[in-house]
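First up is the structure itself, then whatever we jot down about it.
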Amino acid sequence: MDNPTLEKLICDPSFIDYCLNHESDNFTYWENWIEENPHYVSLVVESKTLVLQLQAMPSEEEVAKERQRLYQAIDEAKVNRQFLFRKWFPYAAACLLVVGMCIFLFRQRPAILQNPMPIVALLKQQVPAGKYMNVQLTDGTKVRLGPTSTLDYPQQFAASERKVTLKGEAFFDVAHRTDQPFIIQTGEFHVKVLGTSFNIHAFEEDKVAKIALFTGKVEIFNDSIRLVILPGQAFVYDKVLAKYTIESFDQGQERETMNGVLHFNHATYSDVGKQLARKYGISFQANADVDLDFSGTMAHENLDQVLDKLTLTTSYRFSLESNTLIAHKK
Amino acid sequence: MKTHWVNIKAGNKESFFIFYDTLYRSLFQYGMVIAKDREVVKDAIHILFYELWEKHERLPIDIKDPKYYVFVWLKRIIFRQLKLQQFSFESLLEEPYEESMETQKIRLEEMMERERNLYAAMAKLTKKQRHYIELKFFLNKSYEEIAISENAAVRTVYNVIYEAIKSLKGQLTSILILILNYYK
Chain A
1 MDNPTLEKLI
11 CDPSFIDYCL
21 NHESDNFTYW
31 ENWIEENPHY
41 VSLVVESKTL
51 VLQLQAMPSE
61 EEVAKERQRL
71 YQAIDEAKVN
81 RQFLFRKWFP
91 YAAACLLVVG
101 MCIFLFRQRP
111 AILQNPMPIV
121 ALLKQQVPAG
131 KYMNVQLTDG
141 TKVRLGPTST
151 LDYPQQFAAS
161 ERKVTLKGEA
171 FFDVAHRTDQ
181 PFIIQTGEFH
191 VKVLGTSFNI
201 HAFEEDKVAK
211 IALFTGKVEI
221 FNDSIRLVIL
231 PGQAFVYDKV
241 LAKYTIESFD
251 QGQERETMNG
261 VLHFNHATYS
271 DVGKQLARKY
281 GISFQANADV
291 DLDFSGTMAH
301 ENLDQVLDKL
311 TLTTSYRFSL
321 ESNTLIAHKK
Chain B
1 MKTHWVNIKA
11 GNKESFFIFY
21 DTLYRSLFQY
31 GMVIAKDREV
41 VKDAIHILFY
51 ELWEKHERLP
61 IDIKDPKYYV
71 FVWLKRIIFR
81 QLKLQQFSFE
91 SLLEEPYEES
101 METQKIRLEE
111 MMERERNLYA
121 AMAKLTKKQR
131 HYIELKFFLN
141 KSYEEIAISE
151 NAAVRTVYNV
161 IYEAIKSLKG
171 QLTSILILIL
181 NYYK
């Protein structure tokens, strides 16, 4: 090689082979070459160092993959340990009883037994338009999320409370835990429950938010309000007027809502449009000129049938233009 | 580092992964010096952290340098793994001699320093340069193989890598001089 430089050496395949593989022909070749060109020794050492170092770097992909692998292995180990726990549970329980009696006798520093703080990995479920999604949380709580709704929840709940954040609508069947209240945060208010089932409608873009309670008891609160509603009652909050009312509601209807049945009661164009946009994945733009007062039920019809139905029962002709809902005066 | 160690002992998974992310590349480099086989090294590091988390409650708390502790741990795992792979009497004879604790510690610090510098220098390369370097050095591909897989001329591949090395050299010269004797 004439006028070798670090770059030239490192880019030479036979030189790389010399660095990595001490039994190759290239090894003998380069050893001889160094002997013949002793003034390049330090350059060769330098180049070799960099080759070895470069070769010993993990790629971004490898790092990410290995991290993922470790993460999973640790998670699985936890599950296995829980299994083991079950096997030894009777014995452990017996020991615990003895220990428990001791503690009862001494009753000192119960804090020692408290679990270390769990690491909170936040999970997010986002439902596209036209779809419903059933989610089961780690505590056994079942959530059915409506179209275009988002639920944020921790992978593991804290010991003192179970906190989730909802944007949109959902049916909650909360697992009963007296010492660990379940709190749902929405834009306007929070809902605190111990164990119940209810629907929440809390879309950011809607001017009304609603909580309809089927069973149990929930506490609704924000900075200014704090109240409790009972089964069969619905809490309806008007964001524009910042006022709420407690109403009774039709339980059958409310249950159907979370199965994709739309009920309208003197609904405006904006109400109808928003609901259809969520259920059928179309676009909708509010239009103050359309003066609509629609009451009726939309079950599992397809979009064409729904538009026909609206056209027949109102004084507007409903159609779709490039996936956007349009209403023309008849 | 020490704070994370204490947190890991208390079962803090977040600290555990910060510790992991901080040390991964250095451990990898260190492992490669011993094992010279990427898969062996990756497995060994995986085993190391798996065991670390399994035993986190029983980790010694009074150690001065947790970093050094895990490097020694890794070395033991690699030897164990290599023995599992191919046991022979020769390999027993070849077991590397142990250097004094102090020398080992100094080497470790040097190695981590180098790894950090190289990583920083690599980060300054273009995406393409980095990708080609990975293919050439990590995956040990020939210029022809890279040219085919990347749909480029062999000459282009050579030039990209040449330029990348030149840029690395510019940023690494000072360290290179310092460490000339390491791999001799």
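Chains as they are written, first to last, in our numbering: chain A, 1 to 330; chain B, 1 to 184.
Note that the Cβ used here is the ideal one computed from N, Cα and C, for glycine as well.
Interface residues of chain A around H46 (chain B) at Cβ under 9 angstroms?
The residue labelled residue 46 (chain B) in the question sits at position 46 within the second sequence. Residues of chain A passing the Cβ test: E66, R69, L70, A73.
Would you mind listing the alpha helix (DSSP H) stretches within the region 291 to 321 of chain A that are 4+ residues and don't spill past its ends, in chain order?
Complete alpha helix (DSSP H) runs here, min 4: 303 to 313.
For D2 (chain A) and K8 (chain A), what's the separation of their Cα atoms in angstroms?
The residue you call residue 2 (chain A) lines up with position 2 of the first sequence. The residue you call residue 8 (chain A) lines up with position 8 of the first sequence. Using only the alpha carbons, I get a separation of about 10 angstroms.
Step through the CB atoms of chain D and report whether any lies within less than 9 angstroms of the CB of S248 (chain A).
This model lacks chain D altogether; the protein chains it does include are A and B.
From what residue to what residue does the beta strand (DSSP E) around K239 (chain A) run?
Locating residue 239 (chain A) in the first sequence gives position 239, counting from the first residue. Neither: K239 (chain A) is in no beta strand (DSSP E) and is coded neither H nor E.
When the cut-off is 9 angstroms and only beta carbons count, does L82 (chain B) lie next to chain A?
As a first step, residue 82 (chain B) is located in the second sequence; it is residue number 82 there, counting from the start. Cβ-Cβ to chain A under 9 angstroms: no for L82 (chain B).
Give me whichever residues DSSP pairs with R130 (chain B) in a beta bridge.
Looking up residue 130 (chain B) in the second sequence gives position 130. DSSP lists no partner for R130 (chain B).
Kindly indicate if chain B contains any beta-carbon less than 9 angstroms away from that of I34 (chain A).
Stepping through the first sequence from its first residue, residue 34 (chain A) is reached at position 34. Output row for I34 (chain A): interface = no.
Taking F264 (chain A) and L276 (chain A) to be in contact with their CB atoms under 8 angstroms, please state how far apart those CB atoms are, rounded to whole angstroms.
Counting from one through the first sequence, the residue named residue 264 (chain A) turns up at place 264. Counting from one through the first sequence, the residue named residue 276 (chain A) turns up at place 276. Not a contact, Cβ separation roughly 10 angstroms.
Along the chain, where does the alpha helix (DSSP H) containing S15 (chain B) start, and where does it finish?
Counted from its first residue, the second sequence places residue 15 (chain B) at position 15. Its alpha helix (DSSP H) spans residues 13 to 35.
Please compile the residues from chain B whose C-beta is within a distance smaller than 7 angstroms of the C-beta of A158 (chain A).
To locate residue 158 (chain A), count along the first sequence from 1; it is residue 158. Going along chain B, no residue has its Cβ under 7 angstroms from A158 (chain A), so there is no contact; the nearest lies around 15 angstroms.
When the Cα atoms are used, what is the spatial distance from I24 (chain B) to V63 (chain A)?
Position 24 of the second sequence, counting from 1, holds the residue named residue 24 (chain B). Position 63 of the first sequence, counting from 1, holds the residue named residue 63 (chain A). In the sequence on display, residue 24 (chain B) carries Tyr and not Ile. Computed Cα separation, rounded: 8 angstroms.
Given a cut-off of 9 angstroms on the beta-carbon distance, is the pair F16 (chain B) and W53 (chain B) in contact?
As a first step, residue 16 (chain B) is located in the second sequence; it is residue number 16 there, counting from the start. As a first step, residue 53 (chain B) is located in the second sequence; it is residue number 53 there, counting from the start. Yes, Cβ-Cβ distance for F16 (chain B) and W53 (chain B) is below 9 angstroms.
Determine, using beta carbons only, whether Q53 (chain A) comes closer than 9 angstroms to chain B.
In the first sequence, residue 53 (chain A) corresponds to position 53, counting from 1. Interface residue, yes.
Quick one: grab the DSSP three-state call for L52 (chain A).
Translated into positions along the first sequence, residue 52 (chain A) becomes position 52. If DSSP states are grouped into helix, strand and coil, L52 (chain A) belongs with the helices.
Three or more C-beta pairs closer than 8 angstroms, one from the region 291 to 305 of chain A and one from the region 244 to 263 of chain A: is that the case here?
As far as the Cβ criterion goes, the region 291 to 305 of chain A touches the region 244 to 263 of chain A, which means the pair count is three or higher.
Out of A:A175, A:G187, A:V135, which one is the CA nearest neighbour of D238 (chain A)?
Reading the first sequence from its first residue, position 238 is the one you call residue 238 (chain A). With distances taken between Cα atoms, D238 (chain A) lies closest to A:G187.
Nearest to L213 (chain A) by CA position, among A:E35, A:V228, A:Q53, is which residue?
On the first sequence, position 213 is the one that residue 213 (chain A) refers to. Residue A:V228 is the option with its Cα nearest to L213 (chain A).
Name the chain A residues that come within less than 8 angstroms of Q29 (chain B), Cβ to Cβ?
Your numbering for residue 29 (chain B) matches position 29 in the second sequence. Result: Q53, A56, M57.
Check K65 (chain A) in the structure and name its three-state DSSP category.
If you number the first sequence from 1, residue 65 (chain A) lands on position 65. Of the three classes helix, strand and coil, the one that applies to K65 (chain A) here is helix, per DSSP.
Against chain B, with Cβ distances strictly below 9 angstroms, would E7 (chain A) count as a contact?
The residue given as residue 7 (chain A) occupies position 7 in the first sequence. With 9 angstroms as the cut-off, E7 (chain A) counts as an interface residue toward chain B.
Between F307 (chain A) and A234 (chain A), what straight-line distance do the alpha-carbon atoms span, to the nearest angstrom?
Counted from its first residue, the first sequence places residue 307 (chain A) at position 307. Counted from its first residue, the first sequence places residue 234 (chain A) at position 234. The identity of residue 307 (chain A) in the sequence shown is Leu, whereas the question assumes Phe. Taking the straight line joining both Cα atoms gives about 30 angstroms.
Would you mind telling me which residues of chain A sit closer than 9 angstroms to V33 (chain B), beta carbon to beta carbon, in chain order?
For the purposes of this step, residue 33 (chain B) is identified with residue 33 of the second sequence, where counting begins at 1. Chain A residues near V33 (chain B): L52, A56.
Can you find a C-beta in chain B that's less than 9 angstroms from the C-beta of L20 (chain A)?
For the purposes of this step, residue 20 (chain A) is taken as residue 20 along the first sequence, with counting starting at 1. True, the Cβ-Cβ gap to chain B drops below 9 angstroms.
Considering only residues of the same chain and omitting the five flanking positions on each side of E95 (chain B), which have a CB-CB separation below 6 angstroms?
Start at 1 with the first residue of the second sequence, and residue 95 (chain B) comes out as number 95. Annotation note: pLDDT 48 at E95 (chain B) (below 50); position unreliable, coordinate value reported separately. Nothing listed; no residue qualifies.
If you count every other CB in all the chains shown that lies within 10 Å of the CB of E161 (chain A), and 16 or more means buried, which is it?
Sequence index remark: in the first sequence, residue 161 (chain A) carries index 161 (1-based). Burial call: exposed.
Throw me the rounded Cβ distance for the N222 (chain A) and H201 (chain A) pair, which I believe falls under 8 angstroms.
Position 222 of the first sequence, counted from the start, is the residue given in the question as residue 222 (chain A). Position 201 of the first sequence, counted from the start, is the residue given in the question as residue 201 (chain A). Not quite, the Cβ-Cβ distance comes to about 16 angstroms (not below 8 angstroms), so this is no contact.
Drop a sphere of 10 angstroms on the beta-carbon of P39 (chain A), count the other beta-carbons inside from all chains shown, and report buried for 16 or more, exposed for fewer.
Here residue 39 (chain A) corresponds to residue number 39 of the first sequence, with the count starting at 1. Before going further, note that residue 39 (chain A) is His rather than Pro in the sequence given. Looking at its Cβ environment, which holds fewer than 16 other Cβ atoms inside 10 Å, H39 (chain A) is exposed.
Alpha carbon to alpha carbon, how far is K36 (chain B) from E145 (chain B)? Give it in angstroms, no decimals.
On the second sequence, residue 145 (chain B) is found 145 positions in, with the first residue counted as 1. On the second sequence, residue 36 (chain B) is found 36 positions in, with the first residue counted as 1. Distance between the alpha carbons of E145 (chain B) and K36 (chain B) is about 22 angstroms.
For a test of the three-state rule: what should DSSP assign to Y153 (chain A), helix, strand or coil?
As a working mapping, residue 153 (chain A) is identified with position 153 in the first sequence. Correct three-state label for Y153 (chain A): strand.
Our contact map puts L151 (chain A) next to V135 (chain A) with C-beta atoms below 8 angstroms; I'd like the distance itself, whole angstroms only.
Stepping through the first sequence from its first residue, residue 151 (chain A) is reached at position 151. Stepping through the first sequence from its first residue, residue 135 (chain A) is reached at position 135. Yes, they are in contact, since the Cβ atoms of L151 (chain A) and V135 (chain A) sit about 6 angstroms apart, within 8 angstroms.
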